[in-house]
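Enquirer: The numbering used here runs 7 ahead of the 1-based position in the sequence shown.
Structure incoming, see below.
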Amino acid sequence: MRIGIDCRNFYDVHANRGAGVERYVYHFVKNLLAMDEHNDFVLFFHSDISPETIHKVRGSNDRVRIVKLFRHESKIPLYDNHFRFSRSLKKEKLDLTIFPANIIPLFYRKKSILIVHDLAIYLHPEWFPDRQWFSTKILVPLSLRKAKIIVTVSQSTRDDILSLFKVNSDKIRVIYPGVIIKDNYIVEENKKVLEKFDIHNDYVLYLGTIEPRKNILNLIKAFTNFLFENEESNINLILAGNRGWKFQPIFQYLTNINHRFPKAQVKYIGKVSNRERNILLKNAQAFVFPSRYEGFGFPMLEAMALKVPVIAGNNSSLKEIASDGEALLVDSEDINDIRHAIKTVLEDKLVRQRLILRGEQRARQFTWEITIKKFQTLIK
Numbered sequence: 008m009r010i011g012i013d014c015r016n017f018y019d020v021h022a023n024r025g026a027g028v029e030r031y032v033y034h035f036v037k038n039l040l041a042m043d044e045h046n047d048f049v050l051f052f053h054s055d056i057s058p059e060t061i062h063k064v065r066g067s068n069d070r071v072r073i074v075k076l077f078r079h080e081s082k083i084p085l086y087d088n089h090f091r092f093s094r095s096l097k098k099e100k101l102d103l104t105i106f107p108a109n110i111i112p113l114f115y116r117k118k119s120i121l122i123v124h125d126l127a128i129y130l131h132p133e134w135f136p137d138r139q140w141f142s143t144k145i146l147v148p149l150s151l152r153k154a155k156i157i158v159t160v161s162q163s164t165r166d167d168i169l170s171l172f173k174v175n176s177d178k179i180r181v182i183y184p185g186v187i188i189k190d191n192y193i194v195e196e197n198k199k200v201l202e203k204f205d206i207h208n209d210y211v212l213y214l215g216t217i218e219p220r221k222n223i224l225n226l227i228k229a230f231t232n233f234l235f236e237n238e239e240s241n242i243n244l245i246l247a248g249n250r251g252w253k254f255q256p257i258f259q260y261l262t263n264i265n266h267r268f269p270k271a272q273v274k275y276i277g278k279v280s281n282r283e284r285n286i287l288l289k290n291a292q293a294f295v296f297p298s299r300y301e302g303f304g305f306p307m308l309e310a311m312a313l314k315v316p317v318i319a320g321n322n323s324s325l326k327e328i329a330s331d332g333e334a335l336l337v338d339s340e341d342i343n344d345i346r347h348a349i350k351t352v353l354e355d356k357l358v359r360q361r362l363i364l365r366g367e368q369r370a371r372q373f374t375w376e377i378t379i380k381k382f383q384t385l386i387k
């Protein structure tokens, strides 16, 4: 079988470009190619993808063809992403195409598998930039109708599809992603990363985009309230990730609140590399992810895999991942609930050990081997 994969939303190893969906597509494609021994693949990338990324994904696999399209930042996105891309797909005479990032091009109607990560924009449009009507009103509904099979990364996203759209439930499959995390860094590497970001005290970590739906304002308020009640504590809150939509109020509040302490207690360190991400997670006293909505909580599971206790929002896929006490779940809108959870995880040794043990066991259930085997069944 000749299978095409849309790799336009792809994590670039060299440029460290891409967030959750892009990382998912990177690992999905890399593991599918490594495990598949029968099919031929055609991967469609933006023209500015790094050679290093292609090499890491393809390796020496001679059953993989690479097609480079237009640049990542297209000057005429509607034409390039839909007409030109559809034409490139048809030219390859594919038996099946996998679209792993929510959208099928407007003019492509052949057999396809669509992977949907989340539908947050429909549930909370205020969290997103305006002028997305074309995607929400036309592209996503049409993609859901055209797809032969729809794969969701969580039961939560499947439920959202069924509540928002008229889609036959029989064509939706829930296939969880895998979790891969490296933790065997030597002492000097750990030390170097912490020194780079001027981290000298114990810290609680948030990792993700800086935007309203991640609930960072409530996290900062809860953490600083904890500090006001525990004046002897030197622990920091470290925020790592790209600036996203409507980030300005978050940084304004961060600046103002830090003025109330002798030294800045809340630090934003920007986007981090894979190595830095792993080391920061590994060395955290707790990972806090009080998001208001997630299609799937990658950082949450990565922290669990690294034996770090997790605090997370009691909503969407987050409560699905931690349904049996693998994380301390909180009401994302209740600052006092988040504050109390931080205090509990930092001070109650029995709770910490329970979260670490259950979290690590839960993370082991999410492997790319399981994910790809389920996809191979769909492909067959």
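All residues carry an ideal CB built from backbone N, CA and C; glycine is no exception.
What are the boundary residues of the alpha helix (DSSP H) that glycine 366 is part of?
Expert: Glycine 366 -> alpha helix (DSSP H) spans 356-370.
Enquirer: Going straight from the alpha carbon of alanine 5 to that of tryptophan 140, what length do you get?
Expert: Because the chain is modelled from 8 through 387, residue 5 falls outside the range shown and cannot be assessed.
Enquirer: Measure how close the beta-carbons of valine 28 and histidine 124 come, nearest whole angstrom, since I'm counting them as under 8 Å.
Expert: Confirmed, about 5 Å.
Enquirer: Quick one, are the C-beta atoms of tyrosine 300 and asparagine 322 less than 8 Å apart?
Expert: A contact, by the Cβ cut-off of 8 Å.
Enquirer: How many whole angstroms separate the CB atoms of isoleucine 182 and valine 158, which I take to be in contact at a CB cut-off of 8 Å?
Expert: Correct: roughly 5 Å between the Cβ atoms.
Enquirer: Can you name the residues that DSSP bridges to arginine 9?
Expert: In the DSSP output, where bridge partners are listed per residue, arginine 9 has Asp47.
Enquirer: Write down every uninterrupted run of the beta strand (DSSP E) in the segment 329-354 whose length is 3 residues or greater and which is fully enclosed by it, in chain order.
Expert: Fully enclosed beta strand (DSSP E) runs of 3 or longer: 335-337.
Enquirer: What separation, rounded to the nearest whole angstrom, lies between the Cα atoms of phenylalanine 52 and arginine 91?
Expert: Spanning the two alpha carbons is a distance of roughly 13 Å.
Enquirer: Can you give the Cα-Cα distance for asparagine 347 and isoleucine 227, rounded to whole angstroms?
Expert: This sequence places histidine at residue 347; asparagine is not what is there. Cα to Cα, histidine 347 sits roughly 13 Å from isoleucine 227.
Enquirer: Does the pairing of the segment 332-346 with the segment 264-282 give three or more beta-carbon distances under 8 Å?
Expert: Judged by Cβ distances under 8 Å, the segment 332-346 makes no contact with the segment 264-282, as fewer than three pairs qualify.
Enquirer: Say whether the segment 67-75 touches the segment 108-122, bearing in mind that this needs 3 or more beta-carbon pairs closer than 8 Å, one atom from each stretch.
Expert: Flag = no, the segment 67-75 and the segment 108-122 do not touch.
Enquirer: Over the uninterrupted alpha helix (DSSP H) stretch that includes phenylalanine 235, give me the two end residues.
Expert: Unbroken alpha helix (DSSP H) run through phenylalanine 235: 223-236.
Enquirer: Figure out for me which residue from Gly302, Val186, Asn38, Ile188 has the closest Cα to the Cα of glutamine 162.
Expert: Out of Gly302, Val186, Asn38, Ile188, Gly302 has the C-alpha closest to the C-alpha of glutamine 162.
Enquirer: Could you tell me whether the Cβ atoms of threonine 60 and glycine 185 are closer together than 8 Å?
Expert: No, they are not a contact pair.
Enquirer: DSSP three-state call for arginine 250: helix, strand or coil?
Expert: Strand at arginine 250.
Enquirer: Please list the segments of the alpha helix (DSSP H) lying wholly inside the segment 45-95, counting only runs of 4 or more residues, in order along the chain.
Expert: Runs found: 58-65.
Enquirer: Distance check for isoleucine 105 and isoleucine 122, CA to CA, integer angstroms please.
Expert: The straight-line gap from Cα to Cα measures roughly 8 Å.
Enquirer: Let me check understanding here. Comparing Cα to Cα, which of Val174, Glu44, Leu244 lies closest to arginine 70?
Expert: The shortest C-alpha separation from arginine 70 is found at Glu44.
Enquirer: Do serine 246 and tyrosine 210 have their C-beta atoms within less than 8 Å of each other?
Expert: In the sequence on display, residue 246 carries leucine and not serine. Their beta carbons are not under 8 Å apart, which means leucine 246 does not touch tyrosine 210 by this criterion.
Enquirer: Expressed to the nearest angstrom, what Euclidean distance is found between the alpha-carbon atoms of leucine 249 and glycine 25?
Expert: A quick correction: the sequence has asparagine, not leucine, at residue 249. Those two C-alpha atoms are separated by around 10 Å.
Enquirer: Quick check for students: name the residue ranges of the alpha helix (DSSP H) that lie wholly in the segment 152-183, counting only runs of 4 or more.
Expert: The qualifying runs are 162-171.
Enquirer: I'd like to know whether the C-beta atoms of isoleucine 188 and glutamate 327 end up nearer to each other than 8 Å.
Expert: No.
Enquirer: With 16 as the cutoff for other CB atoms within 10 Å, does phenylalanine 268 come out buried or exposed?
Expert: Exposed, since its Cβ has fewer than 16 Cβ neighbours within 10 Å.
Enquirer: Can you give me the C-alpha to C-alpha distance between lysine 314 and arginine 94, rounded to a whole angstrom?
Expert: Whole-angstrom Cα-Cα distance: 47 Å.
Enquirer: Excluding five sequence neighbours on each side, which residues of the same chain lie with their C-beta closer than 7 Å to the C-beta of arginine 165?
Expert: Counting only Cβ-Cβ distances below 7 Å, and skipping sequence neighbours, we find Thr159, Ile179, Val181.
Enquirer: Out of Val49, Asp55, Glu80, which one is the CA nearest neighbour of arginine 65?
Expert: It is Val49.
Enquirer: Based on DSSP bridge pairs, tell me the residues matched to phenylalanine 296.
Expert: Partner(s): Ala319.
Enquirer: Please report the straight-line C-alpha distance between leucine 287 and isoleucine 56, rounded to a whole angstrom.
Expert: Taking the straight line joining both Cα atoms gives about 27 Å.
Enquirer: Based on the DSSP output, what are the partners of threonine 104 in its beta bridges?
Expert: Threonine 104 pairs with Gly11, Ser119.
Enquirer: Could you name the residues of the same chain whose beta carbon sits closer than 6 Å to that of leucine 101, not counting the 5 residues immediately before and after it, in chain order?
Expert: So the qualifying residues of the chain are Arg9, Gly11.
Enquirer: Comparing alpha-carbon positions, which option in Ala127, Val36, Phe17, Lys144 lies nearest tryptophan 375?
Expert: Nearest option by C-alpha distance: Val36.
Enquirer: With respect to the beta strand (DSSP E) encompassing valine 279, which residues constitute its N-terminal and C-terminal limits?
Expert: No beta strand (DSSP E) contains valine 279, which DSSP labels as neither H nor E.
Enquirer: Where valine 200 and leucine 126 are concerned, what is the direct C-alpha to C-alpha distance, given to the nearest angstrom?
Expert: Going from the Cα of valine 200 to the Cα of leucine 126 covers about 35 Å.
Enquirer: Can you tell me which of Ile83, Tyr86, Lys117, Lys82 puts its alpha carbon nearest to the alpha carbon of lysine 98?
Expert: Closest by alpha carbon: Lys117.
Enquirer: For threonine 143, collect the residues of the same chain with a Cβ closer than 7 Å to its Cβ; drop the 5 residues on either side in sequence, then sort them by chain order.
Expert: So the list reads Ile128, Tyr129, once near-sequence residues are dropped.
Enquirer: Comparing C-alpha positions only, which one of Ile342, Ala370, Phe254, Leu171 sits nearest to valine 215?
Expert: According to the sequence displayed, residue 215 carries glycine and not valine. Checking every option, the nearest Cα to that of glycine 215 belongs to Phe254.
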